[in-house]
Structures are given as C-alpha cells and as structure tokens.
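Just so we're aligned, residue 133 is where the sequence shown starts under our numbering, counting upward by one.
Following: one structure in structure tokens, then a few remarks.
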Amino acid sequence: MPLFWPSHSPMLTEHCHGNGSACFLQEAHEQGINAVRFSFSSDLLATGGTDRIVKLWELRAGSLTHRTTLDGSTEGITCIEFDPMGQKVLAASYDRSALLWRVDDSVPKVALTGHSRKVTAAKFTRVSNQVVTGSLDRTVRLWDLQRTACVQQVEVVSSCSDLVCSENIIISGHFDCKIRVWDS
C-alpha cells in the first residue's frame, strides 16, 4: 500500500514501500503542504497547506482524484482531522481558529475562535459533538460543537504541539518536551 506524507513543495507525493522512490507526483496546492490525513475508511484524503485551503481527494483503484476544496481559513492550515464517520473535516490554522466542514460542503459550518495564537492541533474527542484544540497560546480547549462554545480551557506552561484522544483522556504533547494527560 502506498504511503502519503506532507511535502514542502506544492505537490502531494506518494511514496511506495521499499526504496522510497516516488510512484507519482500530484500537483495539490499552490504553496507547501502542512497536513495530510486519511478518512477512517481510507477512501478520502485531506490535504492542507500554507495556501489556506483544505482539499479533499478520492482514492479509488490506485488513482487520486480531486473532489472538492474547502475554503474559509484566512491563514495556513496546520492540522487536519476526519470525524469517525468520515462526514466532517476539522482543520486547525495559523489564523488562531479551527474550522469544521461537512465533506459535501465547501463552506465551514463551525468556526472555533478564541485562541490568541496559532492553533497547532485539533481533534475530535470520543464524545459526540466535542472537539479539543491546542495552541501556541499555551492553552488546551474543549469545545461543544452544538453550542459552538469553549466549555473548558486549561492553561499550560508550554505551547501545545499535538493532541490525541481516547475514551476518557486527552493527551497533549508540548514544546517543553513533556506530555500531559487530562480527564475528558
């Protein structure tokens, strides 16, 4: 199976297992690609870049076809996540927000704003209609998507670089070389 990863060029590069040589190159963005994510079913691929857009790609029988472009961010995309059903896409951005789209609509449905610096991570929690974000502003925030509101904010001594969620915990990675474990 091919392996995709971000590139600093405007191309999406597919690398084959083995020698790491490119199987093919796909022009994908006008500027560098910062984030790449498969849907849980692996039939959709999302890419996000410094060009401020998220693109969705369909993967079928070894081909990659552009499906749609998701607009709305005013600065570069830092992170992308699909919901478990593959119906929603969440993207964090340099513009201090995280945006939520349905995969069949190019206009964002929800804008999560309130961070004072770049949002570096955005993930769906295992609880329906909840999202967690981490930022360079040294906060981790839990959001209720139905109310479009931050329901919990934790201030941390170091900026958040990434997040992962399980059934009842959130783990955040930080630039101070530490991970922090939170009850969700």
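Glycine included, C-beta positions come from ideal geometry on N, C-alpha and C.
Keep in mind that this is a model prediction, so the values were computed, not measured.
Checklist entry - Should H247 be labelled buried (16 or more other beta-carbon atoms within 10 Å of its own) or exposed? => result Counting from one through the sequence shown, the residue named residue 247 turns up at place 115. Classification of H247: buried, given that the 10 Å Cβ count is 16 or more.
Checklist entry - What span of residues does the beta strand (DSSP E) with S229 cover, start to end? => result Taking the first residue of the sequence shown as position 1, residue 229 is located at position 97. Here the beta strand (DSSP E) through S229 covers 229–234.
Item to check | Pairwise C-alpha distance: W233 and T201 | outcome: As a first step, residue 201 is located in the sequence shown; it is residue number 69 there, counting from the start. As a first step, residue 233 is located in the sequence shown; it is residue number 101 there, counting from the start. Between the alpha carbons of T201 and W233 lies a distance of about 11 Å.
Checklist entry - Between C282 and E299, what straight-line distance do the alpha-carbon atoms span, to the nearest angstrom? => result Position 150 of the sequence shown, counted from the first residue, corresponds to residue 282. Position 167 of the sequence shown, counted from the first residue, corresponds to residue 299. Here the C-alpha atom of C282 lies approximately 20 Å from the C-alpha atom of E299.
Checklist entry - What are the boundary residues of the beta strand (DSSP E) that I185 is part of? => result Within the sequence shown, residue 185 is the residue found at index 53, counting from 1. From DSSP, I185 is part of no beta strand (DSSP E); its letter is neither H nor E.
Item to check | Proximity below 9 Å, CB of T257 to CB of L244 | outcome: Locating residue 257 in the sequence shown gives position 125, counting from the first residue. Locating residue 244 in the sequence shown gives position 112, counting from the first residue. With contacts defined by Cβ atoms closer than 9 Å, T257 and L244 do not form a contacting pair.
Checklist entry - Applying the criterion that 16 or more other CB atoms from any shown protein chain within 10 Å of the CB defines a buried residue, is P216 buried or exposed? => result As a position in the sequence shown, residue 216 is number 84, starting the count at 1. Burial state of P216 is exposed, judged by a 10 Å Cβ sphere holding fewer than 16 other Cβ atoms.
Next on the checklist: Restricting to Cα atoms, I'd like to know which of C297, V296, T265, A254 is closest to Q285.
Outcome noted: In the sequence shown, residue 285 corresponds to position 153, counting from 1. The shortest C-alpha to C-alpha distance from Q285 to any of C297, V296, T265, A254 is the one to T265.
Next on the checklist: Buried or exposed for C297, going by 16 or more other Cβ atoms inside 10 Å?
Outcome noted: Here residue 297 refers to the residue found at position 165 when the sequence shown is read from its first residue. Buried, because 16 or more other Cβ atoms sit within 10 Å of the Cβ of C297.
Checklist entry - Using CA coordinates, which residue listed in E213, K250, V235, V221 is at the minimum distance from S229? => result On the sequence shown, residue 229 is found 97 positions in, with the first residue counted as 1. Taking only the C-alpha atoms, the option nearest S229 is K250.
Checklist entry - I think I209 touches S225, with their Cβ atoms under 8 Å apart; what is that distance to the nearest whole Å? => result Looking up residue 209 in the sequence shown gives position 77. Looking up residue 225 in the sequence shown gives position 93. Taking 8 Å as the upper bound for CB-CB distance, I209 and S225 are in contact here, some 6 Å apart.
Next on the checklist: I need the DSSP call for S171, collapsed to helix, strand or coil.
Outcome noted: As a position in the sequence shown, residue 171 is number 39, starting the count at 1. Assignment of S171 by DSSP, reduced to helix, strand and coil, places it in the coil class.
Checklist entry - Exposed or buried, which one is H198 when buried takes at least 16 other CB atoms within 10 Å? => result For this step, residue 198 is matched to residue 66 along the sequence shown. H198 is exposed by the Cβ-count criterion.
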